[in-house]
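Below you'll find the structure, written out as structure tokens, and then a few comments.
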Amino acid sequence: MSSDCIFCKIVNKEIPSNFIFENDKVIAFNDLNPQAPVHFLVIPKKHYSSLNDIDSKEAFADIFSAIPEITKKLEIKEYRTVVNTGESAGQTVFHIHVHVMAGRKFDWPAG
Ligand code: AMP
Ligand code: ZN
1194 MSSDCIFCKI VNKEIPSNFI FENDKVIAFN DLNPQAPVHF LVIPKKHYSS
1244 LNDIDSKEAF ADIFSAIPEI TKKLEIKEYR TVVNTGESAG QTVFHIHVHV
1294 MAGRKFDWPA G
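Note that the sequence shown covers residues 1194 to 1304 in the working numbering.
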């Protein structure tokens, strides 16, 4: 837990958010500023600032294995996943999160 981290506050329900998924390791909730008809974030309950901070294979597995579980429930078969690491890559919240977006065509390479 990082006391000034907005996503830790969401995990701890200090900031209201509608969880679309929760297990003992991760939560998922809709992005406040969606970039696609479906746009949610998957985050570990434990605070890691970025991908560079992750210290165990289990943590990767916990985060990424939740994604197909959620998309199956939402009946989504095609989606874009994005992890921004560092300011120049577009990271604005320093608690690791995976963006999952669907419902429109995505360009490649990403801008
Ligand atoms: P990034 O730029 O990759 O760090 O992504 C941060 C994302 O968090 C952005 O897409 C924001 O719209 C989203 N975000 C910031 N605050 C909240 C919040 N309170 N609830 C949901 N999403 C948020
Ligand atoms: Zn945090």
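Note that beta-carbon positions come from the ideal geometry of N, C-alpha and C, so glycine has one too.
Model, not experiment: these values are computed from the prediction.
Among the options, which residue has its Cα nearest to the Cα of residue i?
{"i": "N1277", "options": "S1196, A1254 and I1289", "result": "I1289"}
{"i": "K1265", "options": "A1254, V1293, E1207 and D1217", "result": "V1293"}
{"i": "N1245", "options": "Q1284, L1234, P1227 and S1210", "result": "Q1284"}
Would you kindly work out how many angstroms separate the C-alpha atoms of residue i and residue j, rounded to a whole number?
{"i": "I1256", "j": "T1274", "result": "12 Å"}
{"i": "P1230", "j": "P1261", "result": "18 Å"}
{"i": "N1216", "j": "I1203", "result": "14 Å"}
{"i": "I1208", "j": "I1199", "result": "8 Å"}
Who does residue i pair with in a DSSP beta bridge?
{"i": "P1237", "result": "V1219"}
{"i": "T1278", "result": "DSSP, once it has assigned bridges, lists no residue as partnering T1278."}
Below 7 Å CB to CB, which residues in the same chain sit around residue i once its five sequence neighbours on both sides are set aside?
{"i": "C1201", "result": "M1194, S1195, H1240 and H1288"}
Following a CB-centred definition, is residue i positioned closer than 7 Å to any heavy atom of the ligand AMP?
{"i": "F1299", "result": "no"}
Going along the chain, which residues of its own chain have a beta-carbon closer than 8 Å to the beta-carbon of residue i, five neighbours each way excluded?
{"i": "K1270", "result": "T1264"}
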